[in-house]
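Notes follow the structure.
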Amino acid sequence: MENMTNPHLQVCGINKSFGNVRALLDVDFSVRRGEVMALVGDNGAGKSTLMKVLAGAYSYDSGDFLIDGKNVTINSPTDAANQGIQIVYQDLALCDNLDVIDNLSLGHEPTKGGIYKLLPKSLRPLDMLKMTQKAHAAIEKLKVKTLRSTSLEVGVLSGGQKQAIAIARAVSSDSSVVLLDEPTAALGVSQTAQVLDIVSTLKKSGHSVVYISHNLKDIFQVADRITVMRLGEQIAIYETAKITPQELVVAMTSGVETDSQDKKDLADAC
Amino acid sequence: MLANSELKSKNIFANITQSKFSTFLPVALALIVIWLYFGLTTDAFFSARNFYYLFLQSTVVAVLAVGITIVLLLGHIDLSIAAVAGVGAAIMAVLVSQFGMSAPLACVIAIFTCILIGVVQGLLVAIIGIPSFVVTLAGLLGFQGVMLKILGNDGAINVRDSFIRGITTETLPTTTSWIILAFVILFMIYNAYINYKERAALSLEVESIFISTLRVSIVTLISITFVWVMNSYRGIPVAIVILLCLTLLFSYVTKNTPYGRALFAVGGNEESARRVGISIQKTTIYAFAIIGGVSALGGIIAASRYASVSYNAFSGNLLLDAIGAAVVGGTSLFGGRGSVWNAILGALVIGSLGNGLDLTGATTADKLMVSALILVSAVAIDAISRKKGKKV
Chain A
1 MENMTNPHLQ VCGINKSFGN VRALLDVDFS VRRGEVMALV GDNGAGKSTL
51 MKVLAGAYSY DSGDFLIDGK NVTINSPTDA ANQGIQIVYQ DLALCDNLDV
101 IDNLSLGHEP TKGGIYKLLP KSLRPLDMLK MTQKAHAAIE KLKVKTLRST
151 SLEVGVLSGG QKQAIAIARA VSSDSSVVLL DEPTAALGVS QTAQVLDIVS
201 TLKKSGHSVV YISHNLKDIF QVADRITVMR LGEQIAIYET AKITPQELVV
251 AMTSGVETDS QDKKDLADAC
Chain B
1001 MLANSELKSK NIFANITQSK FSTFLPVALA LIVIWLYFGL TTDAFFSARN
1051 FYYLFLQSTV VAVLAVGITI VLLLGHIDLS IAAVAGVGAA IMAVLVSQFG
1101 MSAPLACVIA IFTCILIGVV QGLLVAIIGI PSFVVTLAGL LGFQGVMLKI
1151 LGNDGAINVR DSFIRGITTE TLPTTTSWII LAFVILFMIY NAYINYKERA
1201 ALSLEVESIF ISTLRVSIVT LISITFVWVM NSYRGIPVAI VILLCLTLLF
1251 SYVTKNTPYG RALFAVGGNE ESARRVGISI QKTTIYAFAI IGGVSALGGI
1301 IAASRYASVS YNAFSGNLLL DAIGAAVVGG TSLFGGRGSV WNAILGALVI
1351 GSLGNGLDLT GATTADKLMV SALILVSAVA IDAISRKKGK KV
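Line by line, the protein sequences are chains A and B.
Each residue of the first sequence is one higher than the one before, counting from 1 in this note's numbering.
Each residue of the second sequence is one higher than the one before, counting from 1001 in this note's numbering.
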């Protein structure tokens, strides 16, 4: 395994403006392998903008994007996916009318080879066996125990199960970074626990997880480090074990002194 | 733990209604009820001759319904199918009767022209972003005009070419029908068996043997009855063979290919489809290209059936019958749900109502009102089942 203390994904000095509005100001952010990095901040702090920059959905105006210390160019979601970065949006974007197997392979379905190679790719017969196996592998990897069958339509699943399927879709391709946007916002207690379990599983399997949430309870349960954003700037990085929820709330709402020792110790050098 | 108790509480009925195979049940039941009613109230309904003409009569609507199912799956609509069918038929008729072109070549040219029409409509929907309802409404008006222009002042061209006429007057030799049917059934059983074995070998979940057997038996029973009824009058018309091949092809495309998944995905959740990298624009343009070609095919079959191409034949009920057939067959107007085989059943429901009401001496007024009732019930079932799906 690679060095666990070096950042796997890192951005340095990222700036992003929408017209006159400067949404991100010289933001440094990093996440290591096998780590859950929470991203918190009040509304309008720039969390979602940063997340979209990381996922390639927004292009940034200036700054560096590094994977394992190497400079990369990320201009589109496809670029991000090619670098192993996957995002699970809050609205999940699953097709309720398709079953779990179909959703997990959607957009890159395996097809049969041989004589069928003569047909254009989108008209070759689907390799249902491979699709089913792929789905089973993805579900087992995340230890989703409550799912009765992979041939159920996603529309009939519970919120937690849907979240699990969306995460499974993100990690079933060769991803190393998973960005989760408010994964528990719409869930009840037991389903939240189920999703947090999945996040731990991802962490154990060496994924870098970026976890956006407003729910401090979830964050303190699952995150290793916490990046705080305020008014477009990254103002602090804390180790979860060394801070209380009260201190975090103060940092989110009124900021921290710029030379705070916590921050310097924990930020990965750019 | 949850899994086991739920499995046990499911009885056989739930097993059937929850399998994907079951979507044809409502329309099949409707068809059986309609047939029983007319069978009991009129003498002529249950005769091989009547069924022969009923099926032949429903073929044009069925072809268009199968085609429009593709567009409906995508969550779009095409109101121009009947007009485009008319343009296709008119082009074919003019090429054959006025330019003396060979009929097969004229058919190919007509079909390609209509594919092009479909592509243009698809571009307007997918690239410019005009709602398909508006684009194809304009298409409906415009192509009726084009059809009139091609047909000239009389508004009709007679089609006496033997190749074209043969599509609806020639039939398959009875033994050929039986041999083809035997192969189809054997292939279906073989397929089900191989599928079962492969999945069992990899210890994946398999469809219960009861359901598989039931499915194969039902399809076998229906097709044997169909061939037997048709053969006891004049055999299976070429047009119906064309319809079945077309449906088989589209069934494969919609259910077993990445393009089919893209259709369902875009119709179900466009944003989701976009994020996984499906090109919404290409998927949409291809769908409209397909419906263009299918419309032309439907138009040619209609020209064969009536031995003429006339403005009236393509400007009347054809459009609404085709959309109605697809919807009665369980295809959702909201996108993402539907099946091409069910569209044939839907076309039979619409055709049987017309045929049966004719036999009972009903007026056009009665026919229109009954058709409206059937259509509204079908859409109501669709809307209710959508709500149910969301609630869980």
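Glycine included, every Cβ here is placed at the ideal spot set by N, Cα and C.
Partner residues on chain B for residue i, Cβ-Cβ distance less than 7 Å
{"i": "Thr273/A", "result": "No answer is possible for residue 273/A: the residues shown for chain A start at 1 and end at 270."}
{"i": "Gly159/A", "result": "Going along chain B, no residue has its Cβ under 7 Å from Gly159/A, so there is no contact; the nearest lies around 11 Å."}
Outcome for residue i when other beta-carbon atoms lying within 10 angstroms are tallied against a minimum of 16
{"i": "Gly1351/B", "result": "buried"}
{"i": "Arg1049/B", "result": "exposed"}
{"i": "His207/A", "result": "buried"}
{"i": "Ala1380/B", "result": "exposed"}
{"i": "Phe1210/B", "result": "exposed"}
{"i": "Leu1056/B", "result": "buried"}
{"i": "Ile1384/B", "result": "exposed"}
{"i": "His108/A", "result": "exposed"}
{"i": "Cys1107/B", "result": "buried"}
{"i": "Pro245/A", "result": "exposed"}
{"i": "Gly41/A", "result": "buried"}
{"i": "Ala23/A", "result": "buried"}
{"i": "Pro1104/B", "result": "exposed"}
{"i": "Tyr1259/B", "result": "buried"}
{"i": "Phe29/A", "result": "buried"}
{"i": "Glu35/A", "result": "buried"}
{"i": "Glu2/A", "result": "Annotation note: pLDDT 45 at Glu2/A (below 50); position unreliable, coordinate value reported separately. Burial call: exposed."}
{"i": "Tyr211/A", "result": "buried"}
{"i": "Asp102/A", "result": "buried"}
{"i": "Ile1117/B", "result": "buried"}
{"i": "Ala223/A", "result": "buried"}
Beta carbon proximity, residue i to chain B, threshold 9 Å
{"i": "Glu233/A", "result": "no"}
{"i": "His8/A", "result": "no"}
{"i": "Gly113/A", "result": "no"}
{"i": "Thr192/A", "result": "no"}
{"i": "Tyr89/A", "result": "yes"}
{"i": "Thr78/A", "result": "yes"}
{"i": "Ile167/A", "result": "no"}
{"i": "Leu126/A", "result": "yes"}
{"i": "His136/A", "result": "yes"}
{"i": "Leu129/A", "result": "yes"}
{"i": "Asn3/A", "result": "Only weak support exists for where Asn3/A lies, its pLDDT of 49 falling under 50; the coordinates are left without a value."}
Chain A contact residues for residue i, given Cβ-Cβ distances below 7 Å
{"i": "Val1253/B", "result": "Leu123"}
{"i": "Ser1272/B", "result": "Ala93, Leu94, Cys95"}
{"i": "Val1276/B", "result": "Leu106, Gly107"}
Terminal residues of the beta strand (DSSP E) in which residue i lies
{"i": "Lys16/A", "result": "7-18"}
{"i": "Asn1317/B", "result": "Careful: Asn1317/B lies outside any beta strand (DSSP E) and carries neither H nor E."}
{"i": "Gln86/A", "result": "85-88"}
{"i": "Ala1347/B", "result": "Looking at the DSSP string, Ala1347/B is not in any beta strand (DSSP E); the run it does join, the alpha helix (DSSP H), is 1340-1359."}
{"i": "Gly1277/B", "result": "Segment: none, Gly1277/B is in no beta strand (DSSP E) and carries neither H nor E."}
{"i": "Asn1158/B", "result": "1156-1158"}
8 Å Cβ cut-off: residues of chain A touching residue i
{"i": "Phe1264/B", "result": "Cys95, Asn97, Leu98, Asp102"}
{"i": "Gly1268/B", "result": "Cys95, Asp96, Asn97, Leu98"}
{"i": "Arg1215/B", "result": "Within chain A, no residue comes near Arg1215/B; the closest Cβ sits about 15 Å away, beyond 8 Å."}
First and last residue of the uninterrupted alpha helix (DSSP H) at residue i
{"i": "Leu1105/B", "result": "1103-1123"}
{"i": "Thr78/A", "result": "77-82"}
{"i": "Tyr1259/B", "result": "1258-1268"}
{"i": "Tyr1190/B", "result": "1174-1201"}
{"i": "Val1094/B", "result": "1081-1097"}
Any C-beta of chain A under 9 Å from that of residue i
{"i": "Thr1257/B", "result": "yes"}
{"i": "Ile1115/B", "result": "no"}
{"i": "Glu1170/B", "result": "no"}
{"i": "Gly1292/B", "result": "no"}
{"i": "Arg1160/B", "result": "no"}
{"i": "Arg1261/B", "result": "yes"}
Chain-ordered chain B contacts of residue i [CB-CB under 9 Å]
{"i": "Thr184/A", "result": "Simply none; closest approach about 20 Å."}
Under 8 Å from the C-beta of residue i: neighbouring residues of chain B
{"i": "Leu202/A", "result": "What Leu202/A touches in chain B: nothing, since even the nearest Cβ is about 20 Å away."}
Within chain A, partners of residue i - CB distance below 9 Å
{"i": "Gly1336/B", "result": "Cys95, Asp96, Asn97, Leu98"}
{"i": "Arg1199/B", "result": "Met128, Leu129, Thr132"}
Minimum Cβ-Cβ distance from residue i to chain D less than 9 Å
{"i": "Phe1045/B", "result": "The chain inventory of the structure shown lacks chain D, comprising the protein chains A and B."}
Cβ-heavy atom distance, residue i to the ligand NAP, below 8 Å
{"i": "Val256/A", "result": "This structure lacks the ligand NAP, and indeed carries no ligand of any kind."}
For this session: Could you name each continuous alpha helix (DSSP H) segment of 4 residues or more that falls completely within the stretch 1202-1252 of chain B, going from the start of the chain to the end?
Result: 1209-1231
Exercise. Could you give the uninterrupted runs of the beta strand (DSSP E) lying entirely in the stretch 151-235 of chain A, keeping only those of 3 residues or more?
Worked result: 177-181, 208-212, 225-230
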